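Protein chains in written order, with the numbering used here: chain A, 4 to 640; chain B, 82 to 358.
Every residue, glycine too, gets a C-beta built ideally from N, C-alpha and C.
Given the structure is predicted, the values throughout are model-derived calculations rather than measurements.
For reference, the structure is listed below as structure tokens.
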Amino acid sequence: MRKTLAALAVTSLLSLLAAAPAQAASCSPGSVDGTVLLGSLATAVPNRCGADGVSVDDRIADESPWGNQAAFLSHITSVTMAMQRSGQLKPIERARLLLAARQSAIGTTLKVKLITFNDFHGTLKAGEGSSSNPGVARLSTRIQALKAANAMHAVVSAGDMIGASPLTSALFKDEPTIEAMNRIGIDFNAVGNHEFDEGKAELLRMQRGGNHPSDPYSGLGLPQDQRNGHFAGARFDFLAANVTEASTGKTLLPAYGVKDFLGNKVAFIGMTLEGTPTIVSPSGVAGLQFADEADTVNALIPQLRALGIKSVVVLIHEGGFGSGSLASCSGVSGPIVDIVARLDAEVDLVVTGHTHQAYNCLLNNRDGKPVRVTSSGQYARNLGDIDLTIDTRSKDVSAVAATILTTGTGATTAEDPALTDLVAHYDSLAAVPKARVIGTITQAISRNNNAAGESALGDVIADAQLAATRDAGTGQAVVAFMNPGGIRADLPFNAGGLVTYGDAFTVQPFGNSLVTMTLTGAQIKTLLETQFSGCNGQGGFNRILQVSAGFQYAYSAAGACNSRVVAMTLNGAAVDPAAAYRVTVNSFLADGGDAFGVLVQGSQRLGGAVDLDAFEAYLLATPGGVAPGPQNRIVKQ
Amino acid sequence: MTMNFSKTLLATLLATLGATAAQAATLSLVSGSVNGSLAVLAGVNDQAVAVDAGIDDLSGSGYLLGAGGNDVSQTLTPAGTLTHLWSASASLDTTLNPASAAFQAGSISVLGVDAAGRFDGSDDSTTVLLEAELAILSTGEAEGSAVQVDVSGVADALFASTGPDVQALTTFDLVVRGADSRILGSWQGLPAGGSGSFSLRFQSQIGQVLSFSLSHYSSLMADGLALGAGASHTLEASALLDGQISVSAVPEPETYALFLAGLAAIGLLQRRSRSAH
């Protein structure tokens, strides 16, 4: 068996070296099947079957990928000489074929299929987190089909492959996602902000392998996915061109990767958004610097050109907001527009992410020329099917055509059997912790915001955090604030209203702990003013914090920065700017995450429980079941 | 157990050798050109076809390619046609493998005579010349480090005539020169209608630029012939040379020493293993 495998490996290597597929007998010797077609060019030369059962057309293999015109012309010149010698071709027929071969222009361009996705977030198991999630086995089916139909291909991801994952991946430190991607066979993943959720060391462990130093759920993969009995790490490269170590000035991970397609090199520059430190726990990005996206790309272009590389794809974990269907790009806005507008014209394609949107755009670069910019939604629901046409003479991309596909759920798309055992393995390992009942609810509790930005689930989570920190021993908090980005799913209504650990984990997968601190009333106002886009360093959209019961305020969206929030009350009394209040937030916010820098100034800090434990305790303390509230704490005027 | 150990050792040694070769020399195309031409003169009943055609340079990044072609058909009076098809090309491609380049030169010339009366004879000649400057580079080794250059290939020629007596001449001339124009290796061939192969090996060094030259000449001369009614004749000459040039590191003396030490160690272990039985 092993011998057979080795022989197969050698055979496939040889056929790769020959750059032509192995040819099995497929016609009856001496028969003629029409005339030889070179690409779309018809010739008058009879397509005769040779003594070995291979026809003239098959031996020429014009449909195979050719790295340049010399490769195809020398190939057809050689194989037709042998056929002339054997009598399968007459000299005049061979001369006609060689003239047609040049005329056909075969080899002057090479088509490379790029298969792209972004914001996968460890959604291995179909339906986990949302019934719309197809699961990694269906994603694999679509990827393998595109690979099989295109010998020249690359599979690339634009970040947030891991982090903020459902339990089946997150409980095991996202090792299952890396192992699944290893099985699918992907080439590069640009880091996104969530790759930094657990810090630099953990990100490097994802790349290099080895078990987590303390987490008992690490290193539990199937033997074929492990290396020496430990987590094997990624068999693809994480890329981070704009992330450097402050101490050395060197990039934490490679800036770019190069894939060679029959002598035509394509560079993939990978990066996360410059603003990553404002949306990741500062401990996760300690000692790292994040540079401007367009400047980073443009500075790499001369280096790539010196290596003879002119085909350049940028994988960037930053995106935009579009409207309309998958195929379109109407009214796209957001940071990616400005980034692309500053990009060097050598960039041929920009594969984006972060906004969880699906779009297929042409945006103008620095020279005012349109460049293709795509994003494939989220959670494996979509994938990009992109054709790069490379001019093999100049080695530059001459055309880009992109389609955003829908992966398909249920019976629409079959699950790849090469992935199902991996998913089932972790699903079964997670079954016991996941099924544990932690309380009840009276109906489903949604994270959907009302017009003011308040959600029923946000209220419940803030209440749970306040409850966990209200006592004298736990912080004496009077109010809790929760970031909306930390609420990742709705809390579903199961039979009997039972809430499982798995459900709760899917809502709050980050494992943040609670921090209670003292803020003045004025600082609380600054905190709330900072919620609005562009105010006090806030990014491109509003981030309305969820607040605990007893705290109320109103805001005027049309107001100026720092003058939108009015009528703050706590248990009916106006909030006094000069008074001190004990405030609870999670560790992400406490460190100034999501641009809420005022929280770094909070004094008399006291660490508390993990957010999920606080949530569980809150459910337990509500015997009749937690009910969604009226969402009346925040008023938009 | 002992065998496993010695196998591991052997594998390690081979890996060491492999690693040495892996960081070694590459061939880079610095510059080059492809030229060539066709001249054909043929006649029937004093009606001549004369064609002069050239080779177009279609070279791109990392490869040289020249190709020429011609397809003429002349209607004769009072009846008949004289056709001539020609294709010639030469290429050198460094893009598929960093340590080697594939090269090729070839031509095919086919004269068709469909006429009555008298074939006046023909003279058909093709020349192709490919010249390339190939730099031997390395990322891991110093300028001047020794490398071995291998040049090998096969050449093949066919000619035929269904009627008129023909004389065919096919030559390939391959020359590789060093920096001082000194010839490092060369091959000339081949007998008309025959085939040949070559395998050259010489030493060079990192940093050297090799001047590679491959020329091809093919001629087919036909005598006149009286043509019967409805006569149809084909005269053709084809030739092709396919080859490759590759560079590889010459292992350092220390590597040899390590390898020999390893072999000795394996021998020792095997002897021990035998005496233990």
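Are the CB atoms of Phe123 of chain A and Tyr382 of chain A within a distance shorter than 9 Å?
Locating residue 382 of chain A in the first sequence gives position 379, counting from the first residue. Locating residue 123 of chain A in the first sequence gives position 120, counting from the first residue. Yes, the Cβ-Cβ distance between Tyr382 of chain A and Phe123 of chain A is below 9 Å.
Given a limit of 7 Å on CB to CB distance, which residues of the region 88-115 of chain A reach chain B?
Those residues of the region 88-115 of chain A that come within reach of chain B (Cβ to Cβ, closer than 7 Å) are Arg88, Pro94, Ile95, Arg97, Ala98, Arg99, Leu101, Leu102 and Arg105.
From B:Ala197, B:Trp268, B:Leu250 and B:His165, residue whose alpha carbon lies closest to that of Leu122 of chain B:
Position 41 of the second sequence holds residue 122 of chain B. For the residues B:Ala197, B:Trp268, B:Leu250 and B:His165, the minimum Cα distance to Leu122 of chain B belongs to B:His165.
Kindly indicate if chain B contains any beta-carbon less than 9 Å away from that of Thr392 of chain A.
Reading the first sequence from its first residue, position 389 is the one you call residue 392 of chain A. Chain B, which has no Cβ nearer than 9 Å to the Cβ of Thr392 of chain A, makes this no.
Consider the Cβ of Ser401 of chain A: report whether some Cβ of chain B lies at a distance smaller than 9 Å.
Taking the first residue of the first sequence as 1, we reach residue 401 of chain A at position 398. Ser401 of chain A does not count as touching chain B.
Residues sharing a beta bridge with Ala309 of chain A, DSSP
As a first step, residue 309 of chain A is located in the first sequence; it is residue number 306 there, counting from the start. In DSSP, Ala309 of chain A forms no bridge with anything.
Contacts around Gly124 of chain B, its chain only, beta-carbon distance under 6 Å, and the 5 residues preceding and following it disregarded
As a working note, residue 124 of chain B is residue 43 in the second sequence. Once the five neighbours on either side are set aside, the close Cβ partners of Gly124 of chain B are Asp201.
Could you spell out where the alpha helix (DSSP H) holding Tyr144 of chain B opens and where it closes?
Residue 144 of chain B sits at position 63 when you count from the first residue of the second sequence. Run containing Tyr144 of chain B: none in the alpha helix (DSSP H); it sits in the beta strand (DSSP E), Tyr144 to Thr156.
Bridge partners - Arg199 of chain B, DSSP secondary structure assignment:
As a first step, residue 199 of chain B is located in the second sequence; it is residue number 118 there, counting from the start. Its beta-bridge partners are B:Ala307.
Please classify Leu346 of chain A as buried or exposed, where buried requires at least 16 neighbouring CB atoms within 10 angstroms.
Numbered from 1 along the first sequence, position 343 holds the residue referred to as residue 346 of chain A. Classification for Leu346 of chain A: buried.
Closest by C-alpha distance to Gly334 of chain A, when choosing among A:Cys564, A:Ser516 and A:Tyr362
To locate residue 334 of chain A, count along the first sequence from 1; it is residue 331. Nearest Cα to Gly334 of chain A within the set A:Cys564, A:Ser516 and A:Tyr362: A:Tyr362.
Please state the DSSP three-state secondary structure of Pro631 of chain A.
Your numbering for residue 631 of chain A matches position 628 in the first sequence. In the structure shown, Pro631 of chain A sits in coil (DSSP, three-state: anything other than H, G, I, E or B).
Across which residues does DSSP place Gly234 of chain B in a beta bridge pair?
Along the second sequence, one-based indexing puts residue 234 of chain B at 153. Beta bridge pairing from DSSP links Gly234 of chain B with B:Phe279 and B:Gly324.
Strictly below 7 Å CB to CB, what residues from chain A border Ile189 of chain B?
In the second sequence, the residue the question calls residue 189 of chain B occupies position 108. Neighbours of Ile189 of chain B on chain A, chain order: Pro94, Arg97, Ala98 and Leu101.
Quick one: which chain B residues come within Cβ less than 8 Å of Gln607 of chain A?
Numbered from 1 along the first sequence, position 604 holds the residue referred to as residue 607 of chain A. Simply none; closest approach about 58 Å.
Is the region 162-177 of chain A in contact with the region 188-197 of chain A, if contact means three or more CB pairs nearer than 8 Å?
Touching, yes.
Given a threshold of 16 other Cβ atoms within 10 Å of its Cβ, counted over all protein chains shown, does Asn385 of chain A qualify as buried or as exposed?
Position 382 of the first sequence, counted from the start, is the residue given in the question as residue 385 of chain A. Asn385 of chain A comes out buried.
What is the residue span of the beta strand (DSSP E) that Thr521 of chain A lies within?
One-based indexing of the first sequence puts residue 521 of chain A at position 518. Per DSSP, Thr521 of chain A belongs to the beta strand (DSSP E) from Ser516 to Thr523.
Any C-beta of chain B under 9 Å from that of Lys398 of chain A:
Within the first sequence, residue 398 of chain A is the residue found at index 395, counting from 1. Yes, because at least one Cβ of chain B sits closer than 9 Å to the Cβ of Lys398 of chain A.
Could you compute how far the alpha carbon of Leu531 of chain A sits from the alpha carbon of Ala581 of chain A?
The count along the first sequence starts at 1 and reaches residue 531 of chain A at position 528. The count along the first sequence starts at 1 and reaches residue 581 of chain A at position 578. About 16 Å.
Rounded C-alpha distance that separates His358 of chain B from Ser226 of chain B:
Numbered from 1 along the second sequence, position 277 holds the residue referred to as residue 358 of chain B. Numbered from 1 along the second sequence, position 145 holds the residue referred to as residue 226 of chain B. Low local confidence applies: a pLDDT of 40 at His358 of chain B is under 50, so the model's placement there is unreliable, and no value is given.
Would you kindly report the start and end of the unbroken alpha helix (DSSP H) that includes Asn185 of chain A?
As a position in the first sequence, residue 185 of chain A is number 182, starting the count at 1. That run of the alpha helix (DSSP H) goes Glu178 to Ile187.
To the nearest angstrom, how far is the alpha carbon of Ser250 of chain A from that of Val261 of chain A?
On the first sequence, residue 250 of chain A is found 247 positions in, with the first residue counted as 1. On the first sequence, residue 261 of chain A is found 258 positions in, with the first residue counted as 1. So the two alpha carbons sit approximately 27 Å from each other.
Taking its Cβ as the centre, do 16 or more other Cβ atoms sit within 10 Å of Asp60 of chain A, making it buried, or is it exposed?
One-based indexing of the first sequence puts residue 60 of chain A at position 57. So Asp60 of chain A ends up on the buried side.
Name the residues in the region 144-174 of chain A whose C-beta lies less than 8 Å from a C-beta of chain B; which are they?
none
Looking only at DSSP bridge pairs, what is Met302 of chain B linked to?
Within the second sequence, the letter at position 221 stands for residue 302 of chain B. According to DSSP, which records beta bridges pairwise, Met302 of chain B is partnered with B:Asp204 and B:Gln248.
What are the partner residues of Asn363 of chain A, as DSSP defines its beta bridges?
Taking the first sequence and counting its residues from 1, the one referred to as residue 363 of chain A is at position 360. DSSP, once it has assigned bridges, lists A:Thr377 as partnering Asn363 of chain A.
Using a Cβ-Cβ cut-off of less than 7 Å, list which residues of the region 299-325 of chain B approach chain A; keep chain order.
Hits within the stretch, in order: Thr315, Glu317, Ser319, Leu321 and Asp323.
Are any of the Cβ atoms in chain B nearer than 9 Å to that of Gly70 of chain A?
One-based indexing of the first sequence puts residue 70 of chain A at position 67. It does; some Cβ of chain B falls within 9 Å.
Indicate whether at least one CB of chain A lies closer than 9 Å to the CB of Ser206 of chain B.
What you label residue 206 of chain B is simply residue 125 of the second sequence in a count that begins at 1. With 9 Å as the cut-off, Ser206 of chain B does not count as an interface residue toward chain A.
Nearest candidate by alpha-carbon position, reference Ser190 of chain B, set B:Gly277, B:Ala196, B:Leu177 and B:Ser170:
Residue mapping note: residue 190 of chain B aligns to position 109 of the second sequence, counting from 1. The candidate whose alpha carbon is nearest that of Ser190 of chain B is B:Ser170.
Check the C-beta distance from Asn190 of chain A over to Phe239 of chain A and give it rounded, since I have them as a contact under 8 Å.
Mapped onto the first sequence, residue 190 of chain A falls at position 187. Mapped onto the first sequence, residue 239 of chain A falls at position 236. Here residue 190 of chain A is Asp; the residue named in the question, Asn, does not match the sequence. Yes, they are in contact, since the Cβ atoms of Asp190 of chain A and Phe239 of chain A sit about 6 Å apart, within 8 Å.
Excluding the 5 residues preceding and the 5 following Gly277 of chain B in the sequence, name in chain order all residues of the same chain whose CB lies nearer than 6 Å to its CB.
Here residue 277 of chain B refers to the residue found at position 196 when the second sequence is read from its first residue. The residues are Ala236, Gly270 and Leu271.
Same chain only: Cβ atoms within 6 Å of Phe544 of chain A, ignoring 5 sequence neighbours per side:
The residue you call residue 544 of chain A lines up with position 541 of the first sequence. Contacts found: Ser536.
Just checking, does the region 313-324 of chain A make contact with the region 275-290 of chain A on the three C-beta pairs under 8 Å criterion?
yes
Hey, could you find the ends of the alpha helix (DSSP H) Phe75 of chain A is sitting in?
Residue numbering aside, residue 75 of chain A sits at position 72 when the first sequence is read from its first letter. Element bounds for Phe75 of chain A: Gln72 to Ser89.
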